[in-house]
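Each residue of the first sequence is one higher than the last, beginning at 10 in this note's numbering. As structure tokens, the structure follows; a few thoughts come after it.
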Amino acid sequence: MKIKPRLSRGLRDLLPQTMLARQRVIDTVRRVYETYGFAPLETPAIEYLDVLSGSAGEEAQHSIFRVTNPEDEDLGLRFDLTVPLARVVSQHRQIPFPFKRYQVSQVWRADKPDPGRFRQFTQFDIDTVGAPCGTADTEILAAICDCLEAIGAGPYSVRFSSREILNLLLQHAGIPADLGKDVFRVLDKLEKVGWKRVRSELTTGYVDPSGDPIRGLGLQDAQVGAIEEFLEISNPDRRAVVGRLRDLFSDVDGSGARLDTVESISEDLETLGYGSDRVVLDVSIARGLAYYTGPVFEAVLEDAPQFGSVFGGGRYDGLVARFGGQRIPATGASLGVDRLLAAMEHLGRCGSEQTPAQVLVTVMDKNLRGECLELAFELRRAGVRTEIHSGSGRLGKQLKRADRLKIPYAILIGEDELARGVVTLKQMSVASSAGTHLTDHRAWKAARFGQIEIPRSETVTRLRELLQAGG
RNA sequence: GCCGACGUAGCUCAGUUGGUUAGAGCGCCUGAUUGUGGAUCAGGAGGCCGAUGGUUCGAAUCCAUCCGUCGGUACCA
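In structure tokens, the structure reads:
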């Protein structure tokens, strides 16, 4: 019986062209994270189900992929990297605090797939565990900026706020604390659905176009009015936002002190050169997660806002304590690698490389295979990424392969070259641009576009120079 | 999860009121050109028409169910 090659929904193969772009991003981010002193961590994809659900509550369990083992234990695939981190620091007591780690790994969520959203995807997280609110959070925000800068994804905007600010809002507006979680969840949609819909969801609810009833939270007009007034505090200047928050919340006891941390993060960023042009204090961001306790962060690509936030994170001082023991403060952010790459691809900011090879050594004549191999390995030992032709086939087919895979150079060694102690170096891109006017194939071939002869002994040096100069 | 649209070659799509052997363009392979990738020309491969069941003398076409994709909405630790 024939088996149909296929994948379950929400899963996909990442072919070389995709992987090369992805690995460039990952390498860049890793370099940035390491400059901040974050150290790598890896954890298993599979965790005990109760470890995973500990933070999420029952309502989230349906999107966990369940797995089994021969011992028939209740296991699941991790759905983020933060919960496993909390387990690690609770389990390995010898780890000195603060623990600064980065982790790039796959996670799984059994959700409905959407564009840029899959059931298996990669997150690239940094977290600092065991450091109080302050410098650690500033570092996370700065690192997010540095990453986006280094990746070259185009203009971006990093936004932050704080659960503390939202808690002040609850007090100011007279909203019961236990309603906070729902209010934050609704406010988080503001940018996507607009104030009108958020307003109805905060009050009476509504019926969406598909006929689905959306439950309202039943807030009073005065409460919604207070929220609206709060949301109007948007200002591109962070100092102005802090000032207006201080005014607005002056009726809440101790509000001044509770705004100090946000202000000091903002001031530190200012001093370090992360101005309001890149990092905005945006009081409308809430982040859906229930476990955030302090500053919350996100970042969007300004040219691709429809892809949502590519970075998300915040401070979660209560999460580690779920595994028992004392309350350990923690803060961090997560880069949605797949989402970022989907956005970059949409913007045409991903490379189109299909192979890392920089040069193809052709084999024209089986008798000269030895010479070709020798040259190929000489190039490799000099750090040039080299492919050598490894089948049968005419020169035309070999060059066609270089053309297809966009390998920039080809090397030709035949009897002629060997006799004269040279090799022919062909720059593939030249004929594609220079030869378009030639309609006769023989003439096109005879033109020998982009070809130069160089002494065999200088091949490695010359090619390295060319690659360095032009890529 | 809910609502809707759509599933025909690797991709984009034709396919008459249900009627013989299901087509095109692009892509792929081979050759013209045995030491030259593009263009051109010639040829070739590639399909259980998403799956299963039903209606019918006869189904890519009609019906049911399932699966999948896309859009909207909800959720997103």
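Ideal Cβ placement from N, Cα and C applies to all residues, glycine included. Just so it is clear, the structure is predicted and the values come from calculations on it, not from any experiment.
For residue 246, count the other beta carbons within 10 Å of its own beta carbon; 16 or more makes it buried, fewer makes it exposed. Which is it? Walking along the first sequence from the start, residue 246 turns up at place 237. Residue 246 should be labelled exposed.
Boundaries of the beta strand (DSSP E) in which residue 396 is found, first to last residue: Counting from 1 along the first sequence, the entry for residue 396 is found at position 387. Unbroken beta strand (DSSP E) run through residue 396: 395-397.
So the alpha helix (DSSP H) residue 267 belongs to, where does it begin and stop? Reading the first sequence from its first residue, position 258 is the one you call residue 267. Residue 267 -> alpha helix (DSSP H) spans 264-280.
Do you know how far the Cα of residue 412 is from the Cα of residue 239? The sequence position of residue 239 within the first sequence is 230, counting from 1. The sequence position of residue 412 within the first sequence is 403, counting from 1. Roughly 58 Å between the two C-alpha positions.
Closer than 7 Å to a non-hydrogen atom of the ligand GTP - does that hold for the CB of residue 353? No copy of the ligand GTP appears in this structure; indeed no ligand is present at all.
Helix, strand or coil for residue 468 per DSSP? Stepping through the first sequence from its first residue, residue 468 is reached at position 459. It is helical.
Between which two residues does the alpha helix (DSSP H) carrying residue 288 extend? Position 279 of the first sequence, counting from 1, holds the residue named residue 288. First-last for residue 288: 288-290, but that is the beta strand (DSSP E), not the alpha helix (DSSP H).
Given residue 495, which residues of its chain have a CB within under 8 Å of its CB, disregarding the five upstream and five downstream residues? As displayed, the chain neither begins before 10 nor continues past 480, which places residue 495 out of reach and without an answer.
Buried or exposed (CB count within 10 angstroms, at least 16 for buried), residue 28: The residue you call residue 28 lines up with position 19 of the first sequence. That one is exposed.
Per-residue burial, residue 125 [other beta carbons within 10 Å of its own, 16 or more giving buried]: Your numbering for residue 125 matches position 116 in the first sequence. Burial call: buried.
Take residue 77 and list the residues in its own chain whose beta-carbon comes closer than 8 Å to its own, dropping the five residues that flank it on each side. For the purposes of this step, residue 77 is taken as residue 68 along the first sequence, with counting starting at 1. Contacts found: 84.
So, under 8 Å CB-CB, residue 476 and residue 410 are touching, yes? Tell me the CB distance rounded to an integer number of Å. Start at 1 with the first residue of the first sequence, and residue 476 comes out as number 467. Start at 1 with the first residue of the first sequence, and residue 410 comes out as number 401. Wrong, their Cβ atoms sit about 19 Å apart, outside the cutoff.
In the DSSP assignment, what residue or residues form a beta bridge with residue 462? Within the first sequence, residue 462 is the residue found at index 453, counting from 1. Residue 462 pairs with 433.
Who does residue 73 pair with in a DSSP beta bridge? Within the first sequence, numbered from 1, the residue matching residue 73 stands at position 64. Answer is none; residue 73 lacks a bridge partner.
Which word fits residue 210, buried or exposed, when buried means at least 16 other C-beta atoms lie within 10 angstroms of its C-beta? Stepping through the first sequence from its first residue, residue 210 is reached at position 201. By the 10 Å Cβ count, residue 210 comes out buried.
Is the segment 27-45 touching the segment 352-372 in the sense that three or more CB pairs, one from each, lie closer than 8 Å? yes
Secondary structure at residue 67, three-state DSSP: helix, strand or coil? The residue labelled residue 67 in the question sits at position 58 within the first sequence. Reliability of the predicted coordinates at residue 67 is poor, the pLDDT of 48 falling under 50, and no value is obtained from them.
CB contact flag (residue 277, residue 445, <8 Å): Along the first sequence, read from residue 1 onward, the residue named residue 277 stands at position 268. Along the first sequence, read from residue 1 onward, the residue named residue 445 stands at position 436. Going by C-beta atoms, residue 277 is not nearer than 8 Å to residue 445.
Measure the C-alpha to C-alpha separation of residue 96 and residue 58 and round it to an integer number of angstroms. Taking the first residue of the first sequence as 1, we reach residue 96 at position 87. Taking the first residue of the first sequence as 1, we reach residue 58 at position 49. Each residue's Cα considered, the two are about 12 Å apart.
Pick out whichever of 454, 19, 89, 33 has its Cα sitting closest to the Cα of residue 53. Position 44 of the first sequence, counting from 1, holds the residue named residue 53. Measuring from the Cα of residue 53, the nearest candidate turns out to be 89.
Inter-stretch contact at 8 Å, needing at least 3 Cβ pairs: the segment 300-319 / the segment 345-355: yes
Residue closest to residue 170, alpha-carbon to alpha-carbon, out of 307, 390, 435: Within the first sequence, the letter at position 161 stands for residue 170. Minimum Cα distance to residue 170 is reached at 307.
Is it true that the segment 378-394 meets the segment 196-208, where meeting means three or more beta-carbon pairs spaced less than 8 Å apart? no
With a threshold of 8 Å on Cβ separation, who are the neighbours of residue 293 within its own chain once the five nearest residues in sequence on each side are excluded? Here the question's residue 293 lines up with position 284 in the first sequence. Taken in chain order, the residues that qualify are 170, 196, 199, 200, 240, 243.
Would the segment 450-460 and the segment 364-379 be scored as touching if the rule is three or more Cβ pairs under 8 Å? no
In terms of DSSP beta bridges, what is residue 117 paired with? If you number the first sequence from 1, residue 117 lands on position 108. Residue 117 is bridged to 129.
Using a Cβ distance threshold of 8 Å, determine whether the segment 257-265 contacts the segment 120-140, with at least three qualifying pairs required. no
I'd like to know whether the C-beta atoms of residue 120 and residue 72 end up nearer to each other than 8 Å. Taking the first residue of the first sequence as position 1, residue 120 is located at position 111. Taking the first residue of the first sequence as position 1, residue 72 is located at position 63. Yes.
Is it buried or exposed for residue 99, if we count other Cβ within 10 angstroms and need 16 for buried? As a first step, residue 99 must be located in the first sequence, where it is residue number 90. So residue 99 ends up on the buried side.
Would you mind sorting residue 375 into buried or exposed? The rule is 16 or more other CB atoms within 10 Å of its CB. Position 366 of the first sequence holds residue 375. Exposed.
Does the segment 397-406 come close enough to the segment 431-444 to have 3 or more Cβ pairs within less than 8 Å? no
What does DSSP give as the partner residues of residue 307 in its beta bridges? By one-based count along the first sequence, residue 307 stands at place 298. DSSP lists 168, 321 as partners of residue 307.
Does DSSP put residue 372 in a helix, a strand or coil? Here residue 372 refers to the residue found at position 363 of the first sequence. Correct three-state label for residue 372: coil.
Out of 17, 153, 284, 227, which has the shortest C-alpha to C-alpha gap to residue 42? The sequence position of residue 42 within the first sequence is 33, counting from 1. If we check each option's Cα against that of residue 42, 153 comes out closest.
By a C-beta neighbour count over all protein chains shown, 10 Å radius and 16 as the cutoff for buried, is residue 405 buried or exposed? As a working note, residue 405 is residue 396 in the first sequence. With fewer than 16 Cβ atoms within 10 Å of its Cβ, residue 405 is classed as exposed.
Host beta strand (DSSP E) of residue 343 (start-end): Taking the first residue of the first sequence as 1, we reach residue 343 at position 334. 339-345 is the span of the beta strand (DSSP E), which, as asked, contains residue 343.
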